[in-house]
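Residue numbers (the UniProt record's numbering): 1 to 333.
First up is the structure itself, then whatever we jot down about it.
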């Protein structure tokens, strides 16, 4: 990994400088030579005229999210003595300003770093629906439909119930009386009178959780993927009474994106949030129907099917009847 260096004041207001300092990876210099992997026992080397050097090793570093957050806020913070004499317009803002919202998202649009802890892990479209809609329109992100063939959905028929039409108020009174008497009888049947004299055998009751019946189904849910060919973009969104500006830039050598959004412009009335909630679907019905055969083959002359079968006749056995009579007569004597 690269070594740390001092912060250059000229790069504090530059988005390119911010992205370069966020992710630094040491690169191998190849001046007409290929990469060489050396070990104690062997040396692997290829010729000079090669175009794709082999990977000798892969190194990864696992860091905590808190460490990345501290590094992110330290880099995006503007020092108090920033020289803005060479900057056209207003002095650059930092992410601590309440006028802007800074997000660090991945290539699927999920927030990794935000000023609000509750926003971490959520989809950017839920927080900034107008910005996500504009990014989709500009081609920065594209929508991909995914399907879950092992999902569980609610049964829509559970809430349906029939009722008697209200022809007369006596039906309501009769139903209420029937309900009251049935509950009284059930209470007397379930009530343990002996438990009043034997309190040692009483048990404490607990409320049973209502188990919702779920049925297997197929669901469709959206997913959003960043287009890697577009490295940076900026635009504004025309809302009802204001213009919402935003800037997005990809961080070099990573799948992370830095998004800076104007915070004092509310576009929630014009643009609704983009959610990732799954929807039940039936893909079998959407597929093409198979073509039926042009002719019917219900009979073939070589089958020679004939109705056949038989069974024995149910009749009284004279021999068994005489034996039973003789046995009964002997038993009576």
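We put the beta carbon where it would ideally sit given N, CA and C, even for glycine.
Assigned secondary structure, residue i (DSSP; H/G/I helix, E/B strand, else coil)
| i | result |
| --- | --- |
| residue 251 | coil |
| residue 214 | strand |
| residue 279 | strand |
| residue 70 | helix |
| residue 342 | Past the edges of the chain, shown from 1 to 333, lies residue 342, and the structure says nothing about it. |
| residue 299 | coil |
| residue 235 | strand |
| residue 111 | strand |
| residue 55 | coil |
| residue 26 | Note that residue 26 scores a pLDDT of 34, beneath 50, so its modelled location is shaky and nothing firm can be said. |
| residue 333 | coil |
| residue 188 | helix |
| residue 313 | coil |
| residue 118 | helix |
| residue 240 | coil |
| residue 294 | coil |
| residue 229 | coil |
| residue 272 | coil |
| residue 207 | coil |
DSSP beta-bridge partners of residue i
| i | result |
| --- | --- |
| residue 321 | In DSSP, residue 321 forms no bridge with anything. |
| residue 261 | 101 and 246 |
| residue 224 | 143 |
| residue 219 | 148 and 280 |
Beta-carbon spacing of residue i, residue j below 8 Å
| i | j | result |
| --- | --- | --- |
| residue 118 | residue 102 | no |
| residue 111 | residue 121 | yes |
| residue 230 | residue 267 | no |
| residue 220 | residue 153 | no |
| residue 215 | residue 255 | no |
| residue 224 | residue 143 | yes |
| residue 209 | residue 239 | no |
| residue 265 | residue 244 | yes |
| residue 273 | residue 129 | yes |
| residue 252 | residue 134 | no |
| residue 260 | residue 100 | yes |
| residue 233 | residue 213 | no |
| residue 59 | residue 113 | no |
| residue 295 | residue 222 | no |
Residue i at chain D interface by Cβ criterion, 8 Å
| i | result |
| --- | --- |
| residue 117 | Of the protein chains in the structure, only one exists, and it is not chain D. |
Outcome for residue i when other beta-carbon atoms lying within 10 angstroms are tallied against a minimum of 16
| i | result |
| --- | --- |
| residue 277 | exposed |
| residue 226 | buried |
| residue 132 | buried |
| residue 109 | buried |
| residue 98 | exposed |
| residue 250 | buried |
| residue 76 | buried |
| residue 170 | exposed |
| residue 187 | exposed |
| residue 105 | buried |
| residue 173 | exposed |
| residue 127 | buried |
| residue 257 | buried |
| residue 123 | buried |
| residue 334 | Since the displayed the chain opens at 1 and closes at 333, residue 334 lies outside it and no answer follows. |
| residue 299 | exposed |
| residue 141 | buried |
| residue 178 | exposed |
| residue 246 | buried |
| residue 337 | For residue 337 there is no data in the structure shown, the boundaries of the chain being 1 and 333. |
Which residue spans inside the stretch 123-182 form an unbroken beta strand (DSSP E) run of at least 3? 141-154
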